[in-house]
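The block underneath contains the structure these notes are about, expressed in structure tokens.
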Amino acid sequence: MQDLTTKNIPKETLLQMITSLLHSNLDLTFLVKLEQREIEQLIAAIRGRIDENR
Numbered sequence: 001m002q003d004l005t006t007k008n009i010p011k012e013t014l015l016q017m018i019t020s021l022l023h024s025n026l027d028l029t030f031l032v033k034l035e036q037r038e039i040e041q042l043i044a045a046i047r048g049r050i051d052e053n054r
């Protein structure tokens, strides 16, 4: 379930994407501990859930 649009994007940018998708001001820097692939999967899951609710 890898989103090809996130391939080779730095972790910090991916974390900004997650924060933006969640419309959150929470400190999510702990997510930087995840592997690149795990962050990409998380973004794909969030996007999928958002798309389901539209």
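Heads up: the sequence shown at position 24 corresponds to 24 in this note's numbering, and the numbers run straight through without jumps. C-beta: ideal position from N, C-alpha, C; glycine also.
Spatial distance of residue i from residue j (CA atoms)
i, j, result
"serine 24", "phenylalanine 30", "14 Å"
"leucine 26", "methionine 17", "13 Å"
"arginine 54", "arginine 37", "26 Å"
Reduced DSSP category for residue i - H, G, I as helix; E, B as strand; rest coil
i, result
"arginine 49", "helix"
"isoleucine 18", "helix"
"isoleucine 39", "helix"
"leucine 31", "helix"
Status (buried if at least 16 other CB within 10 Å, exposed otherwise) for residue i
i, result
"leucine 42", "buried"
"leucine 14", "buried"
"isoleucine 65", "Examination of residue 65 is not possible in this model, given that the chain is present from 1 through 54 alone."
"glutamate 12", "exposed"
"glutamate 35", "exposed"
"glutamate 40", "buried"
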